[in-house]
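Asks:
Written as structure tokens, this is what we have:
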């Protein structure tokens with residue numbers, strides 16, 4: 024019997040070894056995949072088990088954390104939530120994270136391995152580091168000026184520092200309070216359903232995720248292309264353009280809303296926004312040069328991240344001449360985000376190069392040590408420096424004596440361009456009012472700010488004056504805020 | 067080697083076990099018990115510190131309670147089983163104490179359901195039974211007289227729950243005065259006594275008589291007269307359990323039967339036949355019984371319900387818990403195994419251990435069980451009477467099989483069958499039964515280690 028008892032012990036030993044080997048399989052080999060299974064709530068529990076790091080604007084945190092004592096313990100809170108929502112996005116237990124909360128989530132939640140003082144040891148103990156801080160490039164005064172300027176109207180503002188690409192303001196209205204989506208209670212899901220159901224889409228980030236027909240503000244690009252390609256040498260020479268201008272290959276005639284556009288100079292046409300002149304110029308420049316210049320400014324770029332993605336602005340690559348004529352005055356299929364238009368203005372204000380816009384100045388660990396910094400990077404040289412110089416003259420003229428006089432600021436050189444974009448079937452929609460501009464303090468050689476403003480519901484009044492009248496004062500307020508700070 | 071008609075006990079005696087008188091080692095037992103109690107009190111404090119930042123107010127009372135229980139058991143062993151193996155009792159105390167800590171820890175997450183105090187009452191009852199057995203069962207061979215009484219008792223206990231309503235899909239509970247009792251747990255011990263008694267009396271007939279099947283010596287079936295009763299009992303037990311949907315216990319009875327039959331007769335062929343029967347039975351049950359069928363499906367793909375968008379099932383939650391523990395665990399009180407749901411304190415208690423103590427702690431627990439089983443087998447090896455040997459091996463095998471079936475189930479090694487982790491899991495009948503098993507093993511090991519003490523066997 025002894026022999027068989029020993030064999031039975033052997034069987035028990037085999038069972039024990041099987042259990043131990045299987046435990047290693049589950050707890051070591053398979054553990055990473057089990058840990059990251061989306062149905063495993065431990066990640067979320069750990070993630071919300073500590074206060075989230077903060078997002079900082081102008082030295083002041085615009086976010087916070089509230090201890091609820093529940094399973095998902097810390098909830099996100101926001102200071103001036105609607106004001107900064109187009110930048111912070113939301114951090115919701117139920118609906119995930121968006122915008123900076125999303126792209127900087129590793130730092131804010133403490134999961135970024137760079138936050139751990141001893142990454143290898145952390146891998147073994149699986150400790151989570153306290154959340155780090157994200158410092159933005161925003162200018163609090165400019166952000167507020169833009170938000171208050173837009174008021175209850177639908178619209179957006181993007182402001183950039185031309186020399187670096189730092190984003191100074193990014194506003195979209197109407198906005199929403201991301202704090203409504205924090206937590207797991209019914210209030211969060213009700214807010215989610217309500218915000219998603221609203222007709223004016225408060226969670227749509229109009230400054231970067233919505234494209235609009237840019238209308239006359241696109242003439243900045245057409246003018247730059249004309250100068251850069253040599254189609255126009257002298258901004259004061261007549262351009263041999265008829266009024267009205269019959270679109271090539273069609274019987275449709277294009278007209279102007281201002282006088283004196285027939286055979287006008289580029290300066291006059293730019294200052295008073297002559298459609299006929301710029302439509303003809305676009306055809307003269309040709310599709311190749313127009314698309315090249317548009318790409319140089321950032322159109323059709325699907326890869327832009329600031330760090331969250333920006334909707335690509337569109338300039339069609341295949342157009343007949345009539346379509347090219349319309350596209351050159353910012354109509355037909357031409358569409359741009361407010362950020363894209365701010366980049367155009369910034370390129371003019373600077374030396375003709377487009378800097379990669381960015382929103383995160385630096386990220387720091389909980390203790391204050393810097394993790395990463397962002398610096399200026401040139402995206403493209405959109406036009407030559409001399410063309411930029413002449414474009415600044417043209418844009419300055421618009422503010423000094425043209426359609427954009429509302430944007431003038433004492434003590435600073437200001438350039439601008441108005442625009443009113445028609446849209447809808449048969450242009451039935453309420454036009455979008457545009458204003459893009461830049462400002463340079465008189466005591467400085469460098470421009471301080473470039474800004475683009477779009478207002479969707481620009482009343483019934485039409486004409487370029489509308490862009491100046493509705494969007495111009497907002498642009499001026501933003502530029503003043505930057506100059507004054 | 068066919069010797070028909072041979073029966074009795076004198077034939078084919080085993081070689082005599084080593085004739086040595088082992089030292090008593092009661093001091094070692096005492097020291098280990100103190101360490102076990104201290105370890106459990108430490109765990110209790112660690113839970114409180116992790117959850118509330120303070121030592122729980124009940125720590126002293128808990129430590130004192132566990133300590134007094136352990137001490138009483140120790141005194142009983144000292145008085146009545148002085149030669150007993152010194153490891154058995156400390157392992158029981160440590161596992162029971164650890165189980166209380168884990169249940170207390172889970173109680174903190176479920177304020178409406180406080181299981182630890184009830185488990186402490188049952189533990190006290192278990193230790194009382196332990197003391198009674200150690201005190202009044204002077205010699206394990208007395209039990210051989212009750213071979214047939216045991217089987218009647220076991221069957222009665224198994225059948226009893228059929229007359230009570232089912233709980234969570236299994237009809238294995240009876241509820242009396244607010245306490246729920248699982249009679250199948252006690253039946254395990256009685257059945258082990260029956261198997262050991264019957265096989266000890268008939269093992270020669272089983273081993274050497276009967277008909278050889280087609281010239282295979284190892285495929286030799288005994289006469290129906292000898293084999294019949296035991297197979298009938300076994301089939302009856304399994305049938306009852308299948309009716310009650312307690313698949314774990316039927317698996318346990320099957321394993322117990324096969325192991326004891328093999329040890330008693332040394333016939334490999336029987337194991338083959340038994341496994342064949344078991345496979346047929348398992349396939350039949352798996353196909354026909356939806357409850358079991360779904361368990362097998364879960365085992366094959368634990369994450370199927372996640373893919374189907376219905377969220378993780380209990381097994382998936384259990385695997386998540388084990389995975390979250392990793393090598394070193396999250397620390398007592400810092401895991402989230404409560405996500406497993408209603409069976410977290412009973413069937414899935416091991417997941418809490420796996421998550422909060424990690425692979426290191428889980429391996430330690432497995433090794434503790436391994437040591438308990440090995441000590442049981444060792445007591446069996448050291449004895450000379452076949453009944454005692456088979457009883458020790460049966461009891462140790464109950465622990466081994468039970469640990470394997472439930473631990474393998476919750477870690478996804480084999481299909482899940484509802485069973486209690488010995489000592490660790492919430493469950494009063496289980497704790498009492500396990501204390502009785504340890505008491506019997508102590509009694510047997512006392513005989514084994516002290517058999518040349520000069521006192522004659524009764």
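Residue numbers (my numbering), protein chains in the order written: chain A, 24 to 508; chain Z, 67 to 524.
Built from N, CA and C at the ideal position, the CB exists for glycine as well.
Can you have a look at residue 274/A and say buried or exposed, based on whether 16 or more other CB atoms are within 10 angstroms of its CB?
Replies: It counts as exposed.
Asks: By the 10 Å Cβ neighbour count, where 16 or more other Cβ atoms means buried, how is residue 422/Z classified, buried or exposed?
Replies: When all chains shown are included, residue 422/Z counts as buried.
Asks: Using a Cβ-Cβ cutoff of less than 7 angstroms, which residues in the same chain neighbour residue 329/Z once the five nearest sequence positions on both sides are dropped?
Replies: Excluding residues within five positions, the ones whose Cβ falls inside 7 angstroms are 456, 459.
Asks: Any chance you could list the alpha helix (DSSP H) runs of at least 4 consecutive residues sitting entirely within the segment 446 to 513 of chain Z, in chain order?
Replies: Correct list: 452 to 476.
Asks: Any contact between the segment 459 to 471 of chain Z and the segment 208 to 215 of chain Z? By contact I mean 3 or more CB pairs, one from each, below 8 angstroms.
Replies: Touching, no, given that fewer than three Cβ pairs across the two stretches are closer than 8 angstroms.
Asks: Determine the burial state of residue 74/A: buried for a count of at least 16 other Cβ atoms within 10 Å of its Cβ, exposed for fewer.
Replies: Buried.
Asks: To which residues does DSSP link residue 509/A through a beta bridge?
Replies: Nothing can be reported for residue 509/A: it is not among the residues displayed for chain A, which extend from 24 to 508.
Asks: From the beta carbon of residue 30/A, is the nearest beta carbon of chain Z less than 9 angstroms away?
Replies: Yes, contact with chain Z.
Asks: Let me know the secondary structure DSSP gives residue 183/Z once reduced to three states.
Replies: Correct three-state label for residue 183/Z: helix.
Asks: Would you give the residue range spanned by the alpha helix (DSSP H) that residue 19/A belongs to?
Replies: Since the first and last residues shown for chain A are 24 and 508, residue 19/A lies out of range.
Asks: Less than 9 angstroms between the beta carbons of residue 98/Z and residue 152/Z, yes or no?
Replies: Yes, they are a contact pair.
Asks: For residue 464/A, name the three-state secondary structure that DSSP assigns.
Replies: In the structure shown, residue 464/A sits in a strand (DSSP, three-state: E or B).
Asks: What residues in the segment 115 to 137 of chain Z have a beta carbon less than 9 angstroms from any beta carbon of chain A?
Replies: Within the segment 115 to 137 of chain Z, no residue qualifies.
Asks: In chain order, which alpha helix (DSSP H) runs of at least 4 residues are fully inside the segment 163 to 251 of chain A?
Replies: List check, alpha helix (DSSP H) in window: 163 to 173, 209 to 220.
Asks: List, in order along the chain, the chain Z residues whose C-beta lies closer than 8 angstroms to that of residue 231/A?
Replies: Going along chain Z, no residue has its Cβ under 8 angstroms from residue 231/A, so there is no contact; the nearest lies around 33 angstroms.
Asks: What's the call for residue 180/Z, buried or exposed, on a 16-neighbour Cβ count within 10 Å?
Replies: The residue in question, residue 180/Z, is exposed, as its Cβ has fewer than 16 Cβ neighbours within 10 Å.
Asks: To which residues of the same chain is residue 366/A closer than 6 angstroms at the C-beta, ignoring the five residues directly before and after it?
Replies: Answer for residue 366/A: 321, 377, listed in chain order.
Asks: Within 9 angstroms of any Cβ in chain Z, is that where the Cβ of residue 25/A sits?
Replies: So, interface residue.
Asks: My understanding is that residue 158/Z touches residue 489/Z, with C-beta atoms under 8 angstroms, so please give their C-beta distance in whole angstroms.
Replies: Between residue 489/Z and residue 158/Z the Cβ distance is about 6 angstroms, and since that is below 8 angstroms, they are a contact.
Asks: For residue 498/A, count the other beta carbons within 10 Å of its own beta carbon; 16 or more makes it buried, fewer makes it exposed. Which is it?
Replies: Classification for residue 498/A: buried.
Asks: Whole angstroms is fine: what's the gap from residue 432/Z's alpha carbon to residue 481/Z's?
Replies: Cα to Cα, residue 432/Z sits roughly 19 angstroms from residue 481/Z.
Asks: By a C-beta neighbour count over all protein chains shown, 10 Å radius and 16 as the cutoff for buried, is residue 326/A buried or exposed?
Replies: That one is exposed.
Asks: The alpha helix (DSSP H) spanning residue 404/A covers which residue range?
Replies: Run containing residue 404/A: none in the alpha helix (DSSP H); it sits in the beta strand (DSSP E), 401 to 404.
Asks: Since residue 429/Z meets chain A, which of its residues come closer than 8 angstroms, beta carbon to beta carbon?
Replies: The answer, in chain order, is 43, 46.
Asks: Please identify, using Cβ separations under 9 angstroms, the residues of the segment 399 to 411 of chain Z that lie next to chain A, in order along the chain.
Replies: Cβ contacts with chain A come from 401, 402, 405.
Asks: Do you know offhand how far residue 205/Z's Cα is from residue 273/Z's?
Replies: So the two alpha carbons sit approximately 27 angstroms from each other.
Asks: Does residue 466/A come within less than 9 angstroms of chain Z when only Cβ atoms are used?
Replies: No - not a single Cβ of chain Z is within 9 angstroms of the one on residue 466/A.
Asks: What residues in the segment 94 to 107 of chain A bring their beta carbon closer than 7 angstroms to a beta carbon of chain Z?
Replies: Listed by position along the chain: nothing, the set is empty.
Asks: Is it right to say residue 411/Z is buried, meaning 16 or more other beta carbons lie within 10 angstroms of its own, or is it exposed?
Replies: Answer is buried; the Cβ neighbour count reaches 16.
Asks: For residue 252/A, which residues of its own chain have a beta-carbon under 6 angstroms away from its beta-carbon, when the five flanking residues on both sides are left out?
Replies: Cβ within range, chain order: 308, 312.
Asks: If you check the beta carbons only, do residue 234/A and residue 334/A fall under 9 angstroms apart?
Replies: Yes, the pair counts as a contact, with Cβ atoms nearer than the cut-off.
Asks: Quick one: is residue 294/Z buried, meaning 16 or more other Cβ sit within 10 Å of its Cβ, or exposed?
Replies: Exposed: under 16 other Cβ atoms inside 10 Å.
Asks: So that I know if they touch, is there some Cβ in chain A lying closer than 9 angstroms to that of residue 386/Z?
Replies: True, the Cβ-Cβ gap to chain A drops below 9 angstroms.
Asks: State the CB to CB distance for the pair residue 272/A and residue 345/A, rounded to an integer number of angstroms; the pair is presumed to be in contact (CB under 8 angstroms).
Replies: So it is a contact: roughly 5 angstroms between Cβ atoms.
Asks: When you compare each of 445/Z, 426/Z, 352/Z, 372/Z to residue 60/A by their alpha carbons, which one comes out closest?
Replies: Minimum Cα distance to residue 60/A is reached at 372/Z.
Asks: If you measure from the beta carbon of residue 473/Z to each beta carbon in chain A, is any gap under 9 angstroms?
Replies: Cβ-Cβ to chain A under 9 angstroms: yes for residue 473/Z.
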